[in-house]
Structure formats: structure tokens, C-alpha cells
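What follows is one structure encoded as C-alpha cells, with my remarks underneath.
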Amino acid sequence: MPTTRAKDIMTKRFLRISTAHTLRETMGIILHGEERGYNTAAIAIISQEGDFAGVITPNQVALGLLGDYEVNDSSTDSGDFHRNLESRLPITVDAILRQDQPTVDPETSLATLAKLAGESDYECIPALSEGRVEGLVFITDIFKEVAAIALSPEDQGIELGDR
Amino acid sequence: MSTPPNDIQAYLQKLLAYVKEDARADAISGLTVAVMGVPQAMAYALIAGLPPVWGLYTAIVTCTVSAVLGSSHHLVTGPTNAICMVILSLTAHLPEKYGYGLLEITLLLTFLTGFIQFVFGILRLGGIIRYVSHSVVVGFTAGAGILIAANQVKNLLGLQLDERPEHFFHVISLTAQKLPDANFLALALGMITAVCVIFSPILNRRLPGALIGIFISGSLAYFLGWHLPEMGASKIEIVKDIEPISASLDIFHFPQLLVPPPFELTRELGVGAAALAILGLIEAGSIARAISAQSGQRLDFNREFVGQGMGNIVGSFFSSFAGSGSFTRTAVCYKSGGRTRMAAIFSAFWTALTILLFAPIANYIPEASLAGLLIVIAYTMVDKRRLLVTWRSGNQSRLVLFGTLVSTLILPLEYAVFVGVFLSIVLLLRVTGQTDLTQLVPRQDSGYDELPFNQAPESEVVTVNMEGDLYFAAAEDLDYELLECLTPKTRVVILRMKRLRAVGSTAMAILERFDTILKSRGVQLVVCGIEDGLKRIMTGSGLRKQIGEQNLFYADNKLFQSMELALARAWSIVEMERKRDQATRSAPEARDNSATASKIMSKRILRFGNQHQIREATWLISEMMKHQKSGATQPLFLQGSDGTLDSELALWSLLKSLCQDVDLDKAERMTDEDLGNCMRGAFPARIAQIARSDLPEIRPETNLQHLLLHSRDYALASLPVCDDSNRLAGMVNATGLLRGISEALNLDPEEELPQPNSE
């Protein structure tokens with residue numbers, strides 16, 4: 115049986131932005147892209163030199179805007195919260211990139227991809243070639259493949275009744 | 008009698024058929040008409056100030072030519088009271104002014120009248136008479152009747168006026184001055200004739216009252232010698248004294264003033280001739296139409312005009328004056344069984360026979376007898392019932408009728424005709440110069456209620472039904488009128504134009520203006536019921552483009568179909584506006600801190616019982632993903648047996664369990680089959696064992712601030728939202744959080760996009 119590789123399931127058309135983009139701009143791209151049906155689950159970050167710098171997700175942007183903000187129990191004023199958000203809008207994306215983002219090359223096997231995907235809550239695993247992003251392997255695509263492989267016709271369906 | 012066919016044999020057959028079937032009826036009818044027509048013709052000539060015998064000539068020649076060339080089977084043309092009154096008005100002063108004889112002037116007038124009528128017919132202007140109000144004819148006839156009566160009083164009383172009266176009041180004045188000289192013998196003769204005319208029909212409908220009255224009074228005067236000069240001042244005037252009737256039909260006379268016609272006289276007669284022509288055509292047309300309504304004959308008014316015109320033209324060469332259709336003689340012709348135009352020709356024949364056989368007797372008819380006859384006729388010309396009905400029917404009809412009547416008494420008669428026609432046209436324009444507007448309101452059970460304009464209940468959608476003419480006169484104030492239906496609530500105006508006629512460019516300009524005004528007020532115009540003709544006009548004027556094709560609905564055979572489509576369009580516009588308004592109103596609320604979970608959560612969540620195996624969860628999620636594009640992961644929310652939220656299973660956790668037996672160092676060498684076999688080992692495990700149960704408590708009213716904090720503190724990208732009984736209500740994902748932040752900070756995603764020089 116053949117081995118499915120990263121190149122077989124990676125998404126080659128994906129959003130990419132620069133490390134110099136701010137959280138404000140990135141938020142705009144994500145919301146704008148969602149309205150137009152683009153895949154905004156993960157955006158590739160490219161350095162000024164054109165190399166892969168990381169991946170950013172909507173959750174990272176949202177938490178990046180929150181930062182270290184904590185609620186002051188004695189205060190009910192939302193002004194602090196808004197001011198905190200506004201103050202973090204100009205932060206560039208490279209400041210909030212995850213450092214543990216795994217990457218693969220396009221020839222990486224499905225088994226490796228599946229194993230890596232289970233390591234942490236990644237949205238995707240970038241497939242690089244000579245430092246350049248060839249594609250993004252989304253976790254959802256990995257799951258679809260492994261489920262198709264693992265499930266036999268007898269495994270279809272749900273058992274009803276008490277267990 | 009139909010138009011002769013080319014085939015002579017067929018023509019002869021038609022002739023024989025006519026002789027066999029209709030000739031007798033026509034001959035009898037013609038005789039009946041002649042019996043009552045002869046004294047009338049003589050009397051009418053007297054109205055015009057002409058010799059009585061000319062009336063008979065007119066009843067022969069004009070009648071014959073008009074019948075041959077005309078259209079109506081029953082119209083009898085000849086001298087009529089109103090026409091003769093106008094002739095008197097036109098010609099009485101001319102002999103003195105121009106030095107020509109009255110008879111020659113009359114012939115010239117007759118020729119001019121006929122010529123104008125002929126041209127009307129050739130130019131196919133027959134339809135014009137439809138636009139002359141019946142009120143004009145009634146008013147004019149009533150006025151003419153009053154004038155005739157006033158003018159005949161002097162003849163009835165045997166008076167000789169010192170001067171020729173100029174107008175109605177002058178007649179009254181001069182007659183009153185001469186009353187002491189009244190000839191009671193003349194009065195008696197006139198009264199006898201009048202009594203016979205009035206009471207004969209009462210005794211027997213078929214009795215020719217006029218003939219009987221004239222015969223009795225004439226015999227009385229003859230045998231008592233009242234006509235003899237020896238009677239002195241009491242002598243009564245007879246026809247012979249005016250102009251003797253010779254028992255001859257040698258009546259051809261080329262009009263001396265015709266070649267060449269004197270310019271000044273012709274100019275002066277021209278206006279009068281036009282008035283006579285119009286009056287004659289109105290009379291003939293309306294009488295013919297009235298009879299055809301009973302007989303069922305379809306008339307050709309243009310041909311009738313030609314017939315009337317040629318009758319007068321030819322008559323002017325045969326000592327005839329201008330004639331027209333006579334209502335009484337026409338009615339008698341129809342009711343006495345006349346079937347074809349030959350009936351009128353037979354009446355002319357019998358009249359001619361009368362001249363030949365009874366001329367010597369006719370010369371002894373007293374003028375006072377004819378006056379008595381005319382006064383009775385004048386009385387019948389005033390249609391009292393019609394006057395009363397018109398008086399009660401409204402200001403406009405009242406104005407036309409009485410305006411015409413009064414103008415006959417104070418103006419020269421020829422001008423009274425024009426006044427009447429003018430009033431008629433103005434009345435027509437006033438009536439047609441209106442577009443009826445009503446409002447249509449949909450009923451609950453389908454169908455529509457039609458309500459008076461501007462009386463429908465307030466609604467976002469106003470439907471106006473337009474009916475009538477929309478040419479320049481009607482369109483002038485239309486836009487102001489239409490604006491009255493707008494209320495502060497109005498968002499869309501629907502104009503239904505299916506029943507509109509005569510839409511002109513002025514109307515298009517006004518509708519364009521109306522659309523512009525509506526747009527300035529934020530109201531949309533929708534038009535429905537557009538017929539093909541209106542569509543062309545709207546295209547040419549650019550109105551179609553201005554309103555927009557999506558707001559135009561064209562008429563078809565099904566009633567109200569285009570209006571239903573227009574209503575659907577109107578309500579969709581209203582709905583879109585409502586949503587836009589709501590979005591505008593709700594946006595400011597999101598810009599403060601009150602963005603809550605309920606506003607940004609998604610209700611599309613995957614939930615599963617916590618008692619299931621990894622295999623089942625794997626299958627379920629893979630089935631869901633078959634219909635989704637690549638995108639963000641979505642957790643599986645697990646519920647307990649009571650339906651409350653138990654835990655959350657992330658995709659990566661499921662993958663971790665599935666691949667727990669995969670060695671990363673050896674993974675590159677694993678085939679898919681190996682991987683599959685490896686993962687199946689994890690299938691039997693319960694998902695509850697690998698799901699995460701430490702979840703934040705989030706309610707729909709949880710605000711954005713706390714949502715973000717929970718997401719950070721629990722390291723969750725997707726936050727479950729539960730109601731008070733801990734049942735799942737929705738899920739807030741990271742994109743939802745960003746949307747909340749964007750609204751809280753009043754940011755427009757479009758405006759936050761990087762500038763083009765950014766990467």
C-alpha cells in the first residue's frame with residue numbers, strides 16, 4: 115500500500131503575511147478573509163528575507179491582543195480593557211509567534227504528520243522546501259486521511275444503547 | 008340599396024330584388040315623410056327669410072343628393088329650423104350691405120357650406136362630431152327655438168316691422184312696439200293651425216297635423232276672402248304674396264356670385280359657412296346616429312359628411328338653401344317602415360309631385376298658418392326634460408348647455424355654434440384631463456381593496472392605481488398629487504399603470520420628476536402593469552433606466568400578476584432596509600464593552616454522547632469533514648446522559664490517542680496500512696477518557712473580556728457556551744473573538760487591511 119505524503123494533502127494556496135504586519139492588520143485579514151470564504155485557520159508568516167518565520171492563527175491573534183491583561187476585581191470599568199486592546203494593536207506578529215511550531219518537508223509521511231499533529235494544538239504543519247513554504251498541512255486534512263485509512267467498512271456507524 | 012356591382016346582370020338582379028322586397032315600403036315611408044315635410048319645408052324657408060318654395064326645392068334636391076351619396080338608410084336631409092335661423096342671421100343684412108340679391112347670397116352661402124362639409128368628409132374628419140357634447144346641441148336647439156318663436160310672432164300677428172331686427176332683444180322690442188297693429192284674423196289662422204298640429208297626434212298618431220291645420224286655415228282664409236286686398240289692414244299675407252309657387256321643376260340656376268365669388272362677401276360669409284357646415288354636420292350626424300342606434304345600422308360618418316356636402320353643393324345650383332338632417336322627418340321615415348336610402352329619395356319625389364300637382368293650392372297658404380306651425384315646432388325645440396336633467400347633472404354640463412343657449416340669444420348665431428363647440432371641447436379636455444388615482448390595499452385572504460386616494464392605512468408600501476388619460480393636460484399636477492399619498496412610514500411607492508391611456512412625453516417628464524423626489528426622500532419607486540405601448544415610451548424617455556429594470560413589472564394576461572411581483576419586490580426592499588437599520592443600530596452597541604458570547608457565538612457545534620468509543624468519534628468527525636473544506640479544527644463536545652455538557656474532545660487529542668502506538672522515529676517508514684493497523688488499536692477506548700473536562704463556565708451573557716481571559720487561561724481556542732441548566736447553547740471560536748474585538752474597538756475589517764506596499 116502506498117504511503118501518503120505531506121505533498122499529497124498539503125494546501126498550496128494559503129494566506130501569507132510578513133513578520134512586520136501588525137496584529138491590527140492581521141485581524142483585518144482574518145475577518146476580511148472569512149467573509150470571503152478564504153481558509154483563515156492558519157496564516158503563514160514570512161520574514162523580510164522571504165523565509166518561513168512561523169504560522170499564526172486567529173486564536174493567537176486574539177490572545178496576542180489580550181496579552182497579559184488581568185481583570186481588576188475592584189474595577190467594573192471596561193475602559194481598561196479597551197485601552198489594553200488598543201495598545202496592543204500595533205504589535206507585530208513576530209512578537210507572538212509560537213516557538214514550538216513543527217515543520218516538515220513535502221515528502222514527510224502521513225504517520226509522521228499524524229504523530230506530530232497529536233503533540234499539541236496546532237492548526238497546521240507547514241511543509242518547507244529550502245526554507246520556503248511549499249504548503250500547509252492542516253490538521254483537519256491529516257485527520258481525514260488517517261480516518262479514511264483506519265476505518266474499515268465494519269467500523270462505520272455508531273452503536274446505540276447503553277454501554 | 009347597396010353599391011352597384013360591376014356586373015350589370017348582377018346589378019339588375021339587385022334592382023329587381025329591391026323592387027320586389029323594399030320599394031313599396033320605401034315609397035310609403037317617403038309619402039308619409041312628404042305629407043308632413045311639405046308644410047315644414049315651406050315654413051322653414053320662411054324662417055330664413057326666403058320664399059317658401061325654396062324650402063320645397065331644398066327638400067327635393069338636397070334630400071336626393073344627400074341620400075344617394077350618404078350612409079344612413081333613414082336620414083332625411085332638407086330644411087331644418089336651426090339651420091334656417093342661422094341663414095337668416097347670416098344673410099339678412101347682406102343685400103343692403105353689398106347690393107346683391109338675398110337669393111344669390113344664399114346660394115353662395117349654400118355652396119360654401121357644402122364645400123366645407125365635403126372637405127371634412129374627404130379628410131375623414133367624421134369622428135369629430137363624437138367630441139361635440141349633446142348638451143351643445145340641446146342648448147343650441149333650445150336657443151334657436153326661442154329665436155324662431157320670437158321671430159314668428161310678427162308673422163302670427165300679421166305685423167310689419169319698420170326695420171329689420173338685429174338680435175333677439177331687438178326682435179322682442181320691435182314686435183312689442185307694433186302689437187297695437189296686430190291682425191286678429193292672422194292670429195286666428197295661426198291659432199287654428201297650432202291647435203291642429205298639437206291635437207291631431209292626440210286623436211290619432213298618424214294624422215298629419217301640420218297638413219290638416221294648414222288646409223283648414225288656408226281653406227278658411229280662401230273661402231272667406233281674407234287674402235284679398237279688399238280686406239285692407241286685415242288682409243292676411245299668403246305664400247303667393249311672398250313668391251308664387253309655379254307648377255314647374257325648372258329650378259336649375261347657376262349661382263351668379265359663384266364665378267367669380269366677390270372677395271369681401273365671400274370672406275364675410277366664410278365664417279358663417281363654417282358655422283353652418285359644423286352645425287349641419289352635427290345635426291345630421293347626431294340624428295343619423297340616434298336612428299342607427301335603433302335600426303342597428305353601422306354608419307360611416309365620413310361618407311355622411313360627403314353626402315351632406317354634395318347635397319348642399321348641388322343644391323346651390325337648384326335654388327336650394329343649406330340643409331341638414333331633419334330629426335322629425337328622419338324619425339317618421341324610420342317609424343313608417345323606411346328600409347333604405349330610397350325612402351328619402353321617394354320623399355323628394357312626392358314633394359316634387361306636390362309642386363307639380365298642388366302648386367296653385369299651395370300659393371294660398373296663409374303666412375300666419377305657417378307661423379302658427381313654426382311656433383309649435385319652436386316650442387318642441389326646447390327639450391324641457393333634457394334641460395332639467397342637464398341642470399341637475401353638474402356644473403360642467405350646465406355651463407355648456409346654458410352657455411350655448413344664452414349665446415344663441417345674445418350673439419350672432421354662427422358664433423353661438425362656435426361657442427358651443429368650444430365649450431364642448433373644453434369640457435372634454437377637463438373630463439379627460441384627469442387621471443383617476445385610487446389606492447390598492449392587499450386583503451388577508453388574497454385580492455385587493457380599492458380605496459379612495461390618500462385614504463388607505465399607513466404602510467411602508469403604498470400602491471397607487473392610475474386610470475384614465477395621462478397626456479399633457481392630465482399630467483400637469485400629477486406629481487404633486489402623487490406625493491400626497493406619502494406618509495413618514497412610506498418606504499416604497501408602487502404605481503400600477505395598466506389602465507392608463509394616451510401617455511405622452513409630458514407625463515414621462517413628470518414621472519421622472521416624481522421618481523427623483525422620491526429618491527431624495529429615500530423612497531423607492533416600483534412600477535407595474537406596464538403595457539407594450541407604455542414600455543416603448545418609457546424606454547425612449549429614459550425612465551426605464553432611471554427607475555431600474557428590477558423595479559419594473561410588465562403587464563400580462565393574468566390580472567394583478569405584475570402587481571403581485573411588484574409587491575414582493577417592494578417588501579423585499581423594505582426588509583433589506585430594516586436589516587440595514589438594525590445592523591446600524593446594533594453596531595454601536597457592540598462597540599462598547601457589552602459584546603457578549605451570545606452575539607458572537609456560533610450555534611453550529613458538534614456534540615456527542617460521552618459514552619462512545621474513539622472509533623465512533625473518529626467515524627463521526629470524518630463524516631462531518633467530508634462536507635467541509637480545509638479549515639479550522641472544531642472540537643467535539645461531549646454530553647452526559649442528562650444532556651448537560653460533560654467535556655470537550657479536541658481533534659489533536661483524538662489524533663494523539665489514535666497514534667499513541669506510532670513511534671515517531673519509525674513513522675517515516677510506516678506505510679498507510681501500517682498506520683491504519685496501528686490506529687485501530689485505539690478504537691475501543693472511550694472518548695470520555697481522553698476528553699477534557701475542565702472547562703470554563705460560560706453563559707450567553709459572558710462578556711468579551713471574560714471570554715478572552717477564559718480562552719487564554721484555559722488554553723482553549725473554542726469555548727463552549729451553556730445555558731443555566733448547563734446545556735450547550737453554542738460555541739465561541741477564535742474568529743468570533745476577533746469579531747468581538749473589532750466591534751468593541753469600532754474597527755472596520757476592510758479598512759484594517761494592509762496597504763499595498765506591505766507584504
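Quick mapping for you: the protein sequence lines, in order, are chains R and H. Each residue of the first sequence is one higher than the last, beginning at 115 in my numbering. Each residue of the second sequence is one higher than the last, beginning at 8 in my numbering. Think of the CB as a built atom: it goes at the ideal place given N, C-alpha and C, for glycine as much as any other residue. Quick caveat: nothing in here was measured; it's all calculated off a predicted structure.
Figure out for me which residue from the options has the closest Cα to the Cα of residue i.
i	options	result
Arg-130/R	Val-247/R, Ile-253/R, Val-251/R	Val-247/R
Asp-648/H	Lys-663/H, Phe-615/H, Ala-657/H	The sequence shown places Ser at residue 648/H, rather than the Asp named in the question. Nearest option by C-alpha distance: Phe-615/H.
Arg-437/H	Thr-411/H, Pro-419/H, Gln-403/H, Pro-459/H	Gln-403/H
Val-175/R	Asp-670/H, Met-570/H, Leu-745/H	Leu-745/H
Thr-486/H	Ala-624/H, Val-499/H, Thr-523/H	Residue 486/H is actually Asp in this sequence, not Thr. The shortest Cα separation from Asp-486/H among Ala-624/H, Val-499/H, Thr-523/H belongs to Thr-523/H.
Ala-41/H	Asn-558/H, Leu-754/H, Gln-315/H, Thr-358/H	Thr-358/H
Val-72/H	Ala-463/H, Ala-741/H, Met-388/H, Ala-355/H	Ala-355/H
Leu-256/H	Gly-108/H, Phe-324/H, Val-26/H, Ala-604/H	Phe-324/H
Ile-129/H	Ala-516/H, Val-93/H, Glu-311/H	Glu-311/H
Asp-194/R	Glu-163/R, Ala-225/R, Leu-180/R	Leu-180/R
Gln-446/H	Asp-668/H, Thr-415/H, Ile-245/H, Val-500/H	Val-500/H
Ala-423/H	His-717/H, Leu-735/H, Ala-149/H	Ala-149/H
Should residue i be labelled buried (16 or more other beta-carbon atoms within 10 Å of its own) or exposed?
i	result
His-100/H	exposed
Met-317/H	buried
Gln-159/H	buried
His-713/H	buried
Trp-398/H	exposed
Ile-628/H	buried
Ile-167/R	A small fix is needed here, since residue 167/R is Ala in this sequence, not Ile. Flag for Ala-167/R reads buried.
Pro-373/H	buried
Met-124/R	buried
Ala-261/R	buried
Gly-275/R	Because Gly-275/R carries a pLDDT of 47, less than 50, the predicted location of this residue cannot be relied on, and the following value inherits that uncertainty. Exposed, by the Cβ-count rule.
Phe-644/H	buried
Asp-599/H	Because the pLDDT of Asp-599/H is 46, which lies under 50, any placement of that residue in the model is unreliable, and the number read from its coordinates should be weighed accordingly. Answer is exposed; the Cβ neighbour count stays below 16.
Gln-263/H	exposed
Phe-206/H	exposed
Pro-459/H	exposed
Ala-527/H	The question names Ala, but residue 527/H is Ser in the sequence shown. Under this definition Ser-527/H is an exposed residue.
Leu-265/R	buried
Considering only DSSP beta bridges, list what residue i is partnered with.
i	result
Phe-166/R	Ile-160/R
Leu-458/H	Gln-446/H
Ile-245/H	Pro-373/H
Gly-475/H	Thr-442/H, Leu-507/H
Arg-119/R	Ser-223/R
Met-3/H	Missing from the structure shown is residue 3/H; chain H here goes from 8 to 766 and no further.
Phe-252/R	Cys-238/R
Measure the alpha-carbon distance for residue i versus residue j and round it to whole angstroms.
i	j	result
Ala-217/H	His-260/H	30 Å
Glu-596/H	Ala-602/H	Because Glu-596/H sits at a pLDDT of 40, beneath the cut-off of 50, its placement in the model cannot be relied upon, and the following sentence gives the value as read from the coordinates. Roughly 8 Å separates the two Cα atoms.
Leu-306/H	Ser-79/H	6 Å
Thr-625/H	Leu-661/H	8 Å
Phe-118/H	Leu-109/H	14 Å
Thr-69/H	Gln-304/H	22 Å
Asp-456/H	Val-448/H	5 Å
Ala-573/H	Leu-430/H	42 Å
Met-238/H	Phe-230/H	13 Å
Cys-340/H	Pro-102/H	37 Å
Thr-651/H	Ala-231/R	29 Å
Gln-20/H	Ile-35/H	23 Å
Asp-672/H	Lys-229/R	10 Å
List the whole-angstrom C-beta distance separating residue i from residue j, where the pair is believed to meet the contact cut-off of C-beta under 8 Å.
i	j	result
Leu-82/H	Ala-291/H	6 Å
Leu-525/H	Leu-532/H	5 Å
Ile-90/H	Gly-287/H	6 Å
Ser-96/H	Val-407/H	With a Cβ gap of about 21 Å, Ser-96/H and Val-407/H do not count as contacting.
Ala-338/H	Gly-197/H	Not really, about 25 Å apart at Cβ, beyond 8 Å.
Leu-63/H	Val-45/H	7 Å
Ile-155/H	Met-92/H	6 Å
Pro-216/R	Ile-239/R	6 Å
Ser-376/H	Thr-200/H	4 Å
Indicate, with yes or no, if the ligand NAD has a heavy atom lying under 7 Å from the CB of residue i.
i	result
Ser-725/H	This structure does not include the ligand NAD; it has no bound ligands of any sort.
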